[in-house]
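All remarks here apply to the structure that follows.
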Amino acid sequence: MGSTVSFLLLLFLSTINHISSESIIKLPSDNDISGGNRKVRADDNVVCDSWRLAAETNNAGAWNGVPARCVKFVAEYLTGERYRSDSEVIGKLASEFAKRVRLEGEGRDAWVFDIDETLLSNLPYYQDNGFGSVTFNETSFDDWVNVAEAPALAASLSLYKELQELGFKIFLLTGRSEHQRNATEANLLFAGYSNWERLILRGSSDQGKSATLYKSEKRAELVEEGYTIHGSSGDQWSDLWGYAVASRSFKLPNPMYYIP
């Protein structure tokens, strides 16, 4: 009898030890998301929406492209009501913040906007190029930029105009290069934007710098000129992070690509 009780006790303790050594919460692995593990294939939308949330909140860290399993989900998100609704909510939150800002006057109250996937939508280009699932082709994207027909993101255009009415000076800070200035200005006007204070593009000395460093340096120059950067809007964390950051930053959705 005693030996039976001892055996059962050892079996119980062994089971408890095995359970405690495992994670309580099982998160999908990269293999799961990419589709290599069929066990979680039952609902791609659930898994891919979780991946999108991880990417948008920067919990995914540096990621190289949309997982093959999630291309259809990302395409439907970007061309459907969710993307427009998410952008509108962020635009309204930015608007509410801007209305509460006490402007210092003298034309030194600034708001900084990124351009691609912030003011302008390159969705027509990405619809023909895998919605972020294929390797970025700089040559073909530059050809698209030169067409200068990217549409405005409606929520951003509305915020842009409202900020101007409130008295903010608008600065456009983009990762595009200086040789694309004419095409970029033409596209902005085509999409309905006008009267920005300054359009800042990468010069020769900015090439090779990370977006975070480059944009931080350019914001620091504005601060040195006496501007107060109250707000900043961008689709990448690198548009918003670094130093000389805005008092409040607003991250727009972009599940297609990541720029460090």
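FYI, the numbering for the sequence shown is -21 to -1, 1 to 239, going by mature numbering (1 follows the signal peptide of the UniProt record, and there is no 0). Don't be surprised by glycine CBs; every beta carbon is placed ideally from N, CA and C.
When the alpha-carbon of residue 214 is set against those of 204, 230, 222, 226, the nearest one is in 230. Going by beta carbons, residue 198 and residue 182 fall outside the 9 angstroms limit.
Three or more beta-carbon pairs separated by less than 8 angstroms are not found between the stretch 104 to 122 and the stretch 143 to 150, which leaves the two stretches without contact. Pairwise C-beta distances place the stretch 184 to 193 out of contact with the stretch 64 to 83, as fewer than three of them are shorter than 8 angstroms.
Rounded to whole angstroms, residue 100 and residue 204 show a C-alpha spacing of 31 angstroms. Contact check for residue 162 against residue 98 fails: the beta carbons are separated by 9 angstroms or more. Shown here for residue 165: same chain residues with a beta carbon closer than 7 angstroms to its own, the five before and five after excluded, namely 127 in chain order. Straight through space, the alpha carbons of residue 201 and residue 173 are spaced by roughly 20 angstroms. Secondary structure at residue 207: strand, using DSSP grouped into helix, strand and coil. In this chain, the beta strand (DSSP E) harbouring residue 229 covers 227 to 230.
Under DSSP, residue 52 takes part in no beta bridge, so it has no partner. In the displayed model, residue 221 falls within coil according to three-state DSSP, outside both helix and strand. For secondary structure counted as the beta strand (DSSP E) over 3 or more consecutive residues, the stretch 54 to 116 holds these complete runs in sequence order: 88 to 92.
Runs of the alpha helix (DSSP H) spanning 4 or more residues and lying entirely within the stretch 157 to 204 occur at 160 to 170, 190 to 203, in chain order. A residue is called buried when at least 16 other Cβ atoms come within 10 angstroms of its Cβ; residue 32 does not meet this threshold and is exposed.
For residue 232, the closest C-alpha among the options 50, 158, 24, 57 is that of 57. In the three-state scheme derived from DSSP, where H, G and I count as helix and E and B as strand, residue 152 is classed as strand. The distance from the Cβ of residue 111 to that of residue 26 is about 17 angstroms, inconsistent with a contact at the 8 angstroms cut-off.
In the DSSP annotation of this structure, the continuous segment of the alpha helix (DSSP H) that includes residue 136 starts and ends at 133 to 145.
Sequence-distant partners of residue 216 (beyond 5 residues in either direction) whose C-beta falls short of 6 angstroms from its own C-beta, in its chain, are 37. The C-beta of residue 153 has 16 or more other C-beta atoms within 10 Å across all chains shown, which makes the residue buried. Cβ contact annotation for residue 91 (same chain, cutoff 7 angstroms, sequence separation greater than five): 150, 152, 198, 208, 211, 225, in chain order.
Boundaries of the alpha helix (DSSP H) around residue 33: 23 to 35. The Cβ-Cβ distance between residue 41 and residue 30 does not fall below 9 angstroms.
Around the CB of residue 135, 16 or more other CB atoms lie within 10 Å, so the residue is classed as buried.
In this structure residue 159 is not in contact with residue 178, their Cβ atoms being roughly 10 angstroms apart against a cut-off of 8 angstroms.
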